[in-house]
Amino acid sequence: MAYHIPVLLNPLVNSVFNCSNPSDSQFKKLFGKLKTERFILLVPPTEKLLYHVDAESGSSMNDLCQNYDFVASHILLLQQDTYSDGGFNLSASQTEYKTLNDKRVAVRSSSGEILTTEGFPLRRRARIQNVELITNFNDYLNGSEKFALVHIDHPLIGTLIRKIDIPRGLAQGNFNGVDAKGSLVRDLTQKSWSSFENILRLHPDWSNILNGYFNRYRSTPLTEGPYEELFRMIVKQVHAKMVNDELFRKIPHLYDLIFDYVELNLFDDVWIRIVNSYRKDEIDTEPLKFLSINELETELYQKKYEKFRLQDVTTMEKNIDLAINSFVGLPLTHTHAEKADCLINTLQSLSNTREQDMDIQTLPITMDADTLISFFVLVVCRTQVKNIKSHLFYLKKFSKDENSIKFGILGYAISTLEAVVFYFDGLKGTKKLQKLQDDSNKAKELYILISDKSTGQAVLDISQFRSNLEFRTPQGESVLSQCIINDKNGLLYELLKNYEDIFPLEDILDDETVDGSTLLIQALKCDNSEAAQMIVEVLQNSCTEQELREYVNRADKNRRTVAHYLTHEMNILESIGKYINWKSQDSNGHTPLFTIFRCYDQQNYEAMISAAFRSAVRWYQANGEDFQFSDHEDNKGNTLLHIIKNNVSILLDYDNVDINCTNKKGLTPLMIYTRYNRFDNVKTIIRDQRIILDKLQHPSFLNSFDYARNPLVLKELVSQAIKTTAFELAFVHHLKYEAPSWFFHITVKIGAGADEEYKTVKLHIKTLQNLFQVLLKMHFASFLPLEKALEDLSNLYKSRMPGIAKLETLYFFYMLTDCFDVLLRHDNLNKLVLRESRLVSWIRSQDKKCNNSKKLQKQKNVEPEEIGIMASFLRFNRGELSAVKLKLMTMKKLLIFLKLKNTDLTHSYQFLSLFGTEYNLAQDRLLFKDLEINCCAFGEEATMTFVREIAFLENCTGKLLDRVEQLLSVDIPEWWKLYGDVLEMHKVYKQKFPNISRNDSGTGIIASFFEGKREKMESKLSSDLADCKKRMRRVGDRISSTHEILAEELSKYMEFKSNFFINGILRRAVRENINILKGRLVEMRKRALYRSRKGENNI
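Its first residue numbered 1, the sequence shown is counted upward by one per residue in the numbering used here.
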């Protein structure tokens, strides 16, 4: 049959592995060198090889893949000259390889980089993107059954230029243009400043001149004003000198740079003079530190009662909080520009005109000048910023451009600050000021009493503070909030019961802090269960269902609702669970259900997650939906299965969950359970029919067995893994270094039925080698590929790359598992392998027996009829074995083709998605994203399981077929030749010596001479005949014994073949593939749901 397959998409992989005529190919020399070599192929991205050209040669990268030097430069040989700077330590920082054309590359496994070194025209760095093993399907590369492909992000040779020009979407282009323009302006400004400073640094004369001006200003008295005119004169004089100097003529915006430089050096001197001049006249806001928003002369609290909405107050408080955060930075500013930015940001926050704050609700009142001043007064009082008049003076007198402080947004901001200053000056000595101070002091007293943990309900008489109960802190905390935060639950109860006129239901619903926390959220945050229950009772007794639904789903600044904080409140959860929107996500992508599942410090964790899950399912059903696990994934790809601590069974009853799904780190739920010793979850999930026990994490290629550190967890895993093998007798799962040697960890099944148990044993790597060697002596015609196992064992870790070594080790584990699974079935090794010392003794004794048996072998005559019968038997079995091997080879090649072409199809979809995304506008890109769904009916992992196990059966069949072929093509023809020689010699002997007899009497000299010659001839012929008969008996004996052993092995093989094909190949791979397809179906449903919801939102 043809050994090549249809053309592969990646031209480099196709050139090396899929040549249709290697003997006449341009790579004849390359294939000759690689015929018996083990090597690694570095594979650049298919997209770059197909759609790029080499700028140096002008050739397409596709054409370069037909070039010997290009291909040979990407082939790394695994020979004796492969060495590492860390000896044989796999964790060595750097390993050097020789390419097929004698160049050198260095691999840094820790950083995943490949560096070109000796022989390459340019030093180039490529990143490793993926590693895989490809099963060889051709017959011209015989160095290995599997070859390593290392996918890198860039070819090692060539300068790439894309040959397909995709026009970009307009929206994206405009956006990038704006960004580029802003970045360009910033770069030019920074460059001008750097040039200015460099000139001053390189020319000390100019530094001396400037220092002279600075000293002139610093010599002025500190108490006679800031000398702003002197400051400006210095700037103008320096500018007049510099503008005529060749050094500064080419620097743009020279005046502004000089102003900034002078301001930078003189700010502290100017500032201390301004502060000194206003020391006695500065405004004092300390008495008004506890001024509340309800004391301001604004529309918020001047409306009629029926029109008052606390929601308007809380909305305004958020703007005030933003303004405070901006204004509090004013004392830290050291330039006019910084002070101006601080002031403008403050006013824009108050008026909700800052671009970054546009997501905040529209202002509830008209922001006229008087209202803006009132809120600005509150900002000044709460921040307690000192030297307000000094800051105002600096803003008015020390600007670069006087027009900027008279007009525009800065002019308006300065005039507003000036009005605030006038407001405070106008309050001095008035009754209004006294009233504000009294209210502030009373609010302060109330705040301290509530905050004092030692103050009891009996001590605190709330009636004396009736006029101050509308007080709100800078954080937007009402008196109710303060009671909740400070565990004053008795006072909270009294306020809710007796002061309903001040705290009506509408205000309770609208009350929230500046971070968006409602009263119930605050109670849950502070672990105040009593207060939380109190609020819930008030709401349930007084609110409609719609009001309750809106309240519990109102989000704070982190987009968290009440349900996100219900991690320890089961009673509240059960009472309001039906109102919760369980799909709402916080800023981390966590839903309420996700948050509850992930809260591991609960005493009643299982009951809490069960109650939450039931409530969520009911909520979905009430809304006419099925529960969707995809709604509860976080931004890191973790699902409910990943995070649940125990009681995972509540999730496994659903079909629309992929229990083998991976998060963004490549971890499956089972990996996390084994990693964190979640024993109950491990026991439960591994018994689910959908589980894939040996699923790998990429790119580390670790599996659940590698993460299991707890022996009990590991025992559960391997006892389940054994049941997936063909005969359910053994499973090899670890190769560990325990100084000073390496040990294989093998779990074997002991007993059956009720006495069934599993035990893990450690076998020294040398013990394993000796075991296989003595088994080969004992059963030299065994169908098990023990020779290949020994060969693969000797090649482990020779690749020197951790990823490749890990994959090769995993494949070796599968082969060892299959071998032990058969050996423990046919040979009485079960008890021997349980103790290595006993196994070693048995190996030694059997080795001696095998050596002695060769010496004691007795020869026997084999008749031609027996040989004929044997030959007929062997020919029949050769036909049977050849047919089986041909079918296995066909299946293997078809599966390899399926896997490779599925990869090509996936890449093609990705290219279409990539080019479509680049061409189309952002709003249509979802269409191209959906093309990346894998449509193949076979999962890649299941396909490789098929290939791996079929290859094992093929090796078993091939080994037995080789033994049969050896007898039929070599041994039996040799016996027939010897048999013919014996017959011919007999014939000659009878012809020449028909009636041989000796007569010693009456012989003369001549007669004696001829008689002696005849005797010698007869003696030689007799000797040759005897020797030929001896060799014939030896060959006959070998044929007879080998035939006898082969007959026994063929019988074992026939029994093994059917069981292994059904259980070890079909059931195992099909089960795995079904589970993969189930997971893919879940993913397709998830995407369809996402598209459906996105379409509904766009309507």
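Ideal Cβ positions, reconstructed from N, Cα and C, are used throughout, including at glycine.
Beta bridge counterpart(s) of residue i as assigned by DSSP
i	result
E1100	For residue 1100 there is no data in the structure shown, the boundaries of the chain being 1 and 1099.
A106	E96, L115
F731	T747
K1106	Summary: the structure shown does not reach residue 1106, with the chain confined to residues 1 through 1099, and so no result is reported for it.
I152	I128
V53	S60, I161
V43	H151
L573	None; L573 has no bridge partner.
K339	Beta-bridge pairing links K339 to no other residue.
I75	L41
E537	According to DSSP, which records beta bridges pairwise, E537 is partnered with nothing at all.
T591	According to DSSP, which records beta bridges pairwise, T591 is partnered with nothing at all.
Short Cβ contact (8 angstroms threshold) for residue i with residue j
i	j	result
V657	T684	no
L1025	H986	yes
F1060	A730	no
L784	C956	yes
D511	K557	no
E866	K762	no
K397	D281	no
N646	D601	no
V107	T95	yes
V105	L115	yes
L64	K98	no
F772	L796	no
F597	I644	yes
L41	V16	yes
T943	K899	yes
H764	F780	no
P44	P155	yes
Y979	P864	yes
Residue i burial status per 10 Å Cβ neighbour count (16 or more: buried)
i	result
D85	Confidence in D85 is poor, its pLDDT being 39 and thus under 50, which makes the residue's placement too unreliable to answer from.
R273	buried
E949	buried
H336	buried
P669	buried
Q522	buried
H632	buried
A883	exposed
G1064	buried
Y737	exposed
K1057	buried
P994	exposed
M1017	exposed
G1036	buried
E402	exposed
H203	exposed
7 angstroms CB neighbourhood of residue i in its chain, flanking five on each side removed
i	result
F214	N265, L266
K723	none
L330	K339, C342, V385, H391
I157	F70, S73
E757	I750, G751
S326	C342, N345, T346, S349
8 angstroms Cβ shell around residue i - same chain, five flanking residues per side excluded
i	result
I405	L395, K396, S399, G411, I414
A180	Here the model assigns A180 a pLDDT of 42, short of 50, so the residue's position is not dependable, and the following value carries that caveat. None.
N276	L222, T223
Cβ-based neighbour list, residue i, same chain, cut-off 6 angstroms, excluding 5 preceding and 5 following
i	result
G868	none
K1094	none
Within-8 angstroms CB hit, residue i to chain D
i	result
F398	You won't find chain D in this structure, because it holds only one protein chain.
Inset, instruction - Say whether the segment 440-447 touches the segment 286-296, bearing in mind that this needs 3 or more beta-carbon pairs closer than 8 angstroms, one atom from each stretch. - result: With the cut-off at 8 angstroms, the segment 440-447 and the segment 286-296 touch.
Inset, instruction - Report yes or no: do the segment 1040-1048 and the segment 623-643 share at least 3 C-beta pairs separated by less than 8 angstroms? - result: Flag = no, the segment 1040-1048 and the segment 623-643 do not touch.
Inset, instruction - State whether the segment 542-553 contacts the segment 570-582, with contact taken as three or more CB pairs (one from each stretch) at a distance under 8 angstroms. - result: Under the 8 angstroms Cβ criterion, the segment 542-553 counts as touching the segment 570-582, having at least three qualifying pairs.
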